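J.:
Protein chains: 2
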Amino acid sequence: MTTDLAKLATDIAAGNRRALARAITLVESGRGDHRADALTLLDTLGTTQQALRIGLSGTPGVGKSTFIESFGLMLTGMGKRVAVLAVDPSSARSGGSILGDKTRMEQLSRDPLAFIRPSPSQTQLGGVARRTRDAVALCEAAGFDIVLIETVGVGQSETMVAQMADLFVLLLAPAGGDELQGVKRGIMEIADLVLVNKADGDLKAQASRTCADYAGALRLMRKRAQDPDGFPKALTVSALENNGLTGAWEAMQTLSDWRRDNHIWATTRAAQARYWFHEEVRLQLLARLAEDASLRAKLAQLEQAVTDGATSPAAAAASVIATLDS
Amino acid sequence: MTTDLAKLATDIAAGNRRALARAITLVESGRGDHRADALTLLDTLGTTQQALRIGLSGTPGVGKSTFIESFGLMLTGMGKRVAVLAVDPSSARSGGSILGDKTRMEQLSRDPLAFIRPSPSQTQLGGVARRTRDAVALCEAAGFDIVLIETVGVGQSETMVAQMADLFVLLLAPAGGDELQGVKRGIMEIADLVLVNKADGDLKAQASRTCADYAGALRLMRKRAQDPDGFPKALTVSALENNGLTGAWEAMQTLSDWRRDNHIWATTRAAQARYWFHEEVRLQLLARLAEDASLRAKLAQLEQAVTDGATSPAAAAASVIATLDS
Chain D
398 MTTDLAKLAT DIAAGNRRAL ARAITLVESG RGDHRADALT LLDTLGTTQQ
448 ALRIGLSGTP GVGKSTFIES FGLMLTGMGK RVAVLAVDPS SARSGGSILG
498 DKTRMEQLSR DPLAFIRPSP SQTQLGGVAR RTRDAVALCE AAGFDIVLIE
548 TVGVGQSETM VAQMADLFVL LLAPAGGDEL QGVKRGIMEI ADLVLVNKAD
598 GDLKAQASRT CADYAGALRL MRKRAQDPDG FPKALTVSAL ENNGLTGAWE
648 AMQTLSDWRR DNHIWATTRA AQARYWFHEE VRLQLLARLA EDASLRAKLA
698 QLEQAVTDGA TSPAAAAASV IATLDS
Chain E
398 MTTDLAKLAT DIAAGNRRAL ARAITLVESG RGDHRADALT LLDTLGTTQQ
448 ALRIGLSGTP GVGKSTFIES FGLMLTGMGK RVAVLAVDPS SARSGGSILG
498 DKTRMEQLSR DPLAFIRPSP SQTQLGGVAR RTRDAVALCE AAGFDIVLIE
548 TVGVGQSETM VAQMADLFVL LLAPAGGDEL QGVKRGIMEI ADLVLVNKAD
598 GDLKAQASRT CADYAGALRL MRKRAQDPDG FPKALTVSAL ENNGLTGAWE
648 AMQTLSDWRR DNHIWATTRA AQARYWFHEE VRLQLLARLA EDASLRAKLA
698 QLEQAVTDGA TSPAAAAASV IATLDS
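Dropping the structure here:
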């Protein structure tokens with residue numbers, strides 16, 4: 398390992414935010430040599446330090462930034478170090494969000510106990526997942542107590558984030574049962590905590606009704622092994638008026654404490670690591686196939702044949718594998 | 398192709414049920430030469446004939462068999478040919494269900510227009526998926542109008558079946574909002590139609606309330622591109638008293654017609670074929686890796702290291718790929 402990498406590791410472990418930012422840029426790089434350095438760095442830092450990883454999802458308009466700002470400041474007010482990672486595979490299109498994030502969380506971004514890092518433009522989800530996982534690991538190595546992983550709540554990114562978070566929070570806005578909430582169906586499956594924001598002013602009553610609707614919907618679903626009694630839970634909050642935030646934080650602690658006490662925390666993290674191992678093997682195998690131009694062409698041609706129903710998926714796959722043996 | 402295979406193909410196309418049963422046994426075989434024959438047979442039969450593929454999920458006790466018996470007899474009564482495939486990865490454990498199925502659907506199993514095939518004992522989901530996909534293709538080639546793919550509603554098998562069905566039906570029993578329905582959360586995501594069974598006798602009112610609960614829960618979720626207005630829908634039925642079955646069938650037809658008219662049917666099938674192509678490439682690649690004993694040992698050892706947090710998923714995967722190059 399280069400002395401430069403060794404110093405970077407030491408600086409990160411010492412909680413140097415500039416070093417952390419540099420390391421994240423390194424893990425985000427597509428260059429092969431950068432990737433090798435990133436892996437060395439991550440293995441040097443190890444996984445001994447653990448933060449509470451909170452996945453947070455909410456569609457635009459639910460007041461996600463306001464919530465993160467208020468919730469984050471409440472946590473730093475308790476002396477906790479908070480890192481915010483924004484995951485947005487679509488940011489390639491809505492590139493503005495990259496600059497946006499910090500300005501949307503003005504106070505928090507200036508808080509010495511906080512670190513905010515938006516997602517870089519990425520088109521391929523596999524790349525976003527790897528980058529985010531590495532960034533989370535770096536934030537833990539840098540000694541942050543809480544890592545908030547924010548997603549936009551419309552894509553596949555939620556399930557991906559759920560595979561790297563200790564608990565998952567869904568943020569909603571008040572709405573009638575018939576109004577479209579724009580909640581991707583899969584998110585109901587992974588939510589540990591549903592927070593109905595904007596429970597203030599004219600929307601207060603509406604927020605309570607929405608909260609009751611979701612509490613009812615959650616009761617219709619089977620309790621998971623990782624749920625203590627009363628979870629998944631639905632609560633109302635007002636990020637604007639700082640109402641319900643401590644209650645939400647208490648619920649998150651109750652849940653994470655219970656999971657720690659019942660050995661679910663550790664087993665979940667181990668299962669997540671295995672999941673990403675197999676995911677990485679798959680990704681790297683496919684990447685290796687893609688290196689071969691003729692094979693890449695064959696894959697595309699076979700995919701078309703399968704799409705047209707000209708050949709069966711199994712037969713097409715078999716002929717891909719056959720080319721590997723030749 | 399052997400004359401035997403050619404004859405088998407002709408017999409299947411002619412709608413010979415014994416030939417169909419033999420072919421399914423062939424696709425279920427783990428033997429390499431059988432697998433090769435199966436692929437030849439499937440490619441010979443092609444994919445020109447299409448049935449309406451209905452995924453049906455419901456936990457034990459909701460009256461699934463009674464529903465399939467009544468619903469199936471209603472369809473055969475309309476002169477439709479109905480195939481029922483039971484998918485149960487757990488049947489390795491509850492082996493009884495294999496004999497069970499036919500006795501649970503006495504009349505339908507004797508109906509010349511019907512064909513019932515339970516899942517063989519299988520432990521690995523990948524194997525179950527391939528086998529079921531092949532069996533569905535064989536039933537379509539045999540000219541069945543409707544293929545019912547039944548799952549137990551407790552495992553991952555639902556999402557797998559959803560990837561090979563044209564529409565997905567969730568069967569429920571009447572229950573209070575606070576009672577556990579045992580519905581796996583993911584199923585709410587893929588359900589096109591929720592049927593609350595046992596809407597008869599003392600449970601009638603309870604069934605209506607349960608139906609309303611689920612209708613409400615479905616309204617909280619975002620409408621999908623493949624949903625016309627009013628879908629996903631929740632209805633009450635009584636398989637015992639043959640109530641609501643025609644209504645349920647009408648809803649399924651409305652949905653499938655709409656999807657046909659809006660070119661969603663064809664594009665969905667094409668997307669499913671692509672999904673299974675990539676899934677097969679993945680499975681067959683991993684199978685090939687597993688052939689190498691030393692590599693298999695390395696994979697197991699690395700998985701353990703990842704589980705223990707001794708190495709990162711990415712680094713572990715990289716060293717797997719490295720062994721392939723050496």
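So the protein sequences, as listed, match chains D and E. Per the numbering used here, the first sequence starts with residue 398, numbered consecutively. Per the numbering used here, the second sequence starts with residue 398, numbered consecutively. Beta carbons are placed, not taken as given, at the ideal position from N, Cα and C, and that holds for glycine. As the structure is a computational prediction, the values presented were derived from the model and not from experiment.
Is D/Leu472 helix, strand or coil when you go by DSSP?
T.: Translated into positions along the first sequence, residue 472 of chain D becomes position 75. DSSP places D/Leu472 in helix when its eight states are reduced to three.
J.: E/Leu567 and E/Val481 - do their beta-carbons sit closer together than 7 Å?
T.: On the second sequence, position 84 is the one that residue 481 of chain E refers to. On the second sequence, position 170 is the one that residue 567 of chain E refers to. No Cβ-Cβ contact shorter than 7 Å links E/Val481 with E/Leu567.
J.: Give the residues of chain E in contact with D/Gly583, contact being defined as C-beta atoms less than 8 Å apart.
T.: Along the first sequence, read from residue 1 onward, the residue named residue 583 of chain D stands at position 186. The contacting residues are Gly583, Glu586.
J.: Less than 8 Å between C-beta atoms, sequence neighbours within five positions excluded: which residues of the same chain meet that for D/Met471?
T.: Locating residue 471 of chain D in the first sequence gives position 74, where the first residue counts as 1. The beta carbon of D/Met471 lies closer than 8 Å to those of Asn639, Leu642, Thr643, Trp646 in the same chain, with the five residues before and after it left out.
J.: How is E/Val464 classed by DSSP in three states: helix, strand or coil?
T.: The residue labelled residue 464 of chain E in the question sits at position 67 within the second sequence. Looking at the sequence provided, one finds Phe at residue 464 of chain E rather than Val. DSSP places E/Phe464 in helix when its eight states are reduced to three.
J.: What are the start and end residues of the alpha helix (DSSP H) that includes E/Ala702?
T.: On the second sequence, residue 702 of chain E is found 305 positions in, with the first residue counted as 1. Unbroken alpha helix (DSSP H) run through E/Ala702: 690 to 704.
J.: Got a sec? Which residues, its chain only, sit under 8 Å from D/Val558 by beta carbon, not counting five neighbours each side?
T.: Within the first sequence, residue 558 of chain D is the residue found at index 161, counting from 1. Closer than 8 Å at the Cβ level, and outside the excluded window around D/Val558, lie Gly452, Ser454, Val484, Thr529, Ile546, Thr548, Phe565.
J.: Could you round the C-beta distance between D/Leu712 and E/Asp440 to whole angstroms and report it? I think they count as a contact, below 8 Å.
T.: Position 315 of the first sequence, counted from the start, is the residue given in the question as residue 712 of chain D. Position 43 of the second sequence, counted from the start, is the residue given in the question as residue 440 of chain E. The displayed chain sequence assigns Ala, not Leu, to residue 712 of chain D. Confirmed, about 6 Å.
J.: Flag E/Ile661 as yes if its beta-carbon sits less than 7 Å from any beta-carbon of chain D, otherwise no.
T.: Sequence index remark: in the second sequence, residue 661 of chain E carries index 264 (1-based). Chain D, which has no Cβ nearer than 7 Å to the Cβ of E/Ile661, makes this no.
J.: Taking a cut of 7 Å between CB atoms, which residues from the region 667 to 679 of chain D lie near chain E?
T.: Ala667, Ala670, Arg671, Trp673, Phe674, Glu677, Val678, Arg679
J.: Using DSSP with H/G/I as helix, E/B as strand and the rest coil, what is E/Ala713?
T.: Counting from one through the second sequence, the residue named residue 713 of chain E turns up at place 316. The answer is helix: DSSP assigns E/Ala713 an H, G or I state.
J.: Using 7 Å as the limit for Cβ to Cβ distance, is E/Ser554 near chain D?
T.: In the second sequence, counting from the first residue as 1, residue 554 of chain E sits at position 157. Chain D, which has no Cβ nearer than 7 Å to the Cβ of E/Ser554, makes this no.
J.: Could you tell me the distance, in whole angstroms, from the CA atom of E/Leu438 to the CA atom of E/Ala403?
T.: Taking the second sequence and counting its residues from 1, one reaches residue 438 of chain E at position 41. Taking the second sequence and counting its residues from 1, one reaches residue 403 of chain E at position 6. Approximately 8 Å, taken between the alpha carbons.
J.: Taking all protein chains shown into account, decide if E/Arg428 is buried (16 or more other Cβ within 10 angstroms of its Cβ) or exposed.
T.: Counted from its first residue, the second sequence places residue 428 of chain E at position 31. Exposed: under 16 other Cβ atoms inside 10 Å.
J.: Between E/Ala711 and chain D, is any beta-carbon pair separated by less than 7 Å?
T.: Within the second sequence, residue 711 of chain E is the residue found at index 314, counting from 1. So yes, E/Ala711 belongs to the interface.
J.: In three-state terms, what does DSSP make of E/Gly427?
T.: Taking the second sequence and counting its residues from 1, one reaches residue 427 of chain E at position 30. Three-state result, E/Gly427: coil.
J.: Might you give, ordered along the chain, the residues of its own chain that have their beta carbon closer than 6 Å to the beta carbon of D/Asp626, omitting 5 neighbours on each side?
T.: Translated into positions along the first sequence, residue 626 of chain D becomes position 229. Cβ neighbours of D/Asp626 beyond the five flanking positions: none.
J.: Step through the CB atoms of chain D and report whether any lies within less than 7 Å of the CB of E/Val533.
T.: Walking along the second sequence from the start, residue 533 of chain E turns up at place 136. No, its Cβ sits nowhere closer than 7 Å to a Cβ of chain D.
J.: Which term fits E/Gln669, buried or exposed, when burial requires 16 or more other beta carbons within 10 angstroms of its beta carbon?
T.: By 1-based counting over the second sequence, the position of residue 669 of chain E is 272. E/Gln669 comes out buried.
J.: Can you tell which of D/Val533, D/Thr708, D/Gly469 has its C-alpha closest to the C-alpha of D/Arg506?
T.: The residue given as residue 506 of chain D occupies position 109 in the first sequence. The sequence shown places Ser at residue 506 of chain D, rather than the Arg named in the question. Nearest option by C-alpha distance: D/Gly469.
J.: Assuming D/Leu696 contacts D/Val717 under a Cβ cut-off of 8 Å, what Cβ separation, rounded to an integer in Å, is found between them?
T.: Here residue 696 of chain D refers to the residue found at position 299 of the first sequence. Here residue 717 of chain D refers to the residue found at position 320 of the first sequence. Sure, about 6 Å apart at Cβ, within 8 Å.
J.: Decide if D/Pro509 is buried, meaning its Cβ has at least 16 other Cβ atoms within 10 Å, or exposed.
T.: Taking the first sequence and counting its residues from 1, the one referred to as residue 509 of chain D is at position 112. Exposed: under 16 other Cβ atoms inside 10 Å.
J.: Chain D beta carbons: is any one of them nearer than 7 Å to that of E/Asp610?
T.: Residue 610 of chain E sits at position 213 when you count from the first residue of the second sequence. Taking Cβ atoms only, chain D reaches closer than 7 Å to E/Asp610, which makes this a yes.
J.: Since I believe D/Val533 is in contact with D/Arg450 (beta carbons under 8 Å), could you give me their beta-carbon distance rounded to a whole number of angstroms?
T.: Within the first sequence, numbered from 1, the residue matching residue 450 of chain D stands at position 53. Within the first sequence, numbered from 1, the residue matching residue 533 of chain D stands at position 136. Between D/Val533 and D/Arg450 the Cβ distance is about 6 Å, and since that is below 8 Å, they are a contact.
J.: Within 10 Å of its beta-carbon, does E/Arg527 have 16 or more other beta-carbons around it, so buried, or fewer, so exposed?
T.: Looking up residue 527 of chain E in the second sequence gives position 130. So E/Arg527 ends up on the buried side.
J.: Could you give the first and the last residue of the continuous beta strand (DSSP E) run that contains E/Val634?
T.: On the second sequence, residue 634 of chain E is found 237 positions in, with the first residue counted as 1. Careful: E/Val634 lies outside any beta strand (DSSP E) and carries neither H nor E.
J.: Do we get a CB-CB distance below 7 Å when we pair E/Val703 with the residues of chain D?
T.: The residue you call residue 703 of chain E lines up with position 306 of the second sequence. Closer than 7 Å to the CB of E/Val703 there is at least one CB belonging to chain D.
J.: Helix or strand or just coil, what does DSSP make of E/Ser488?
T.: Taking the first residue of the second sequence as 1, we reach residue 488 of chain E at position 91. Annotation note: pLDDT 42 at E/Ser488 (below 50); position unreliable, no value reported.
J.: Alpha carbon to alpha carbon, what distance is there between D/Leu632 and D/Lys601?
T.: In the first sequence, counting from the first residue as 1, residue 601 of chain D sits at position 204. In the first sequence, counting from the first residue as 1, residue 632 of chain D sits at position 235. Approximately 12 Å between the Cα atoms of the pair.
J.: Which residues of the region 419 to 448 of chain E have a Cβ closer than 7 Å to any Cβ of chain D? Give them in chain order.
T.: Leu436, Leu439, Asp440, Thr444
J.: Per DSSP, which one or two residues make a beta bridge with E/Thr548?
T.: Locating residue 548 of chain E in the second sequence gives position 151, where the first residue counts as 1. DSSP output for E/Thr548 lists E/Ser454, E/Val484 as bridge partner(s).
J.: When the Cα atoms are used, what is the spatial distance from E/Leu436 to E/Met585?
T.: The count along the second sequence starts at 1 and reaches residue 436 of chain E at position 39. The count along the second sequence starts at 1 and reaches residue 585 of chain E at position 188. Approximately 34 Å, taken between the alpha carbons.
J.: Note down, in chain order, each residue of its chain lying with its Cβ closer than 6 Å to the Cβ of E/Thr708, except the 5 sequence neighbours on either side.
T.: In the second sequence, residue 708 of chain E corresponds to position 311, counting from 1. Cβ within range, chain order: Ala702.
J.: Does chain D have any CB closer than 7 Å to the CB of E/Ile718?
T.: Reading the second sequence from its first residue, position 321 is the one you call residue 718 of chain E. True, the Cβ-Cβ gap to chain D drops below 7 Å.
J.: Output, in chain order, the set of chain C residues within a Cβ distance shorter than 8 Å of E/Gly613.
T.: Checking the listed chains, one finds no chain C in this structure; the protein chains it contains are D and E.
J.: Does DSSP put E/Ala420 in a helix, a strand or coil?
T.: Locating residue 420 of chain E in the second sequence gives position 23, counting from the first residue. Note: E/Ala420 maps to helix in three-state DSSP.
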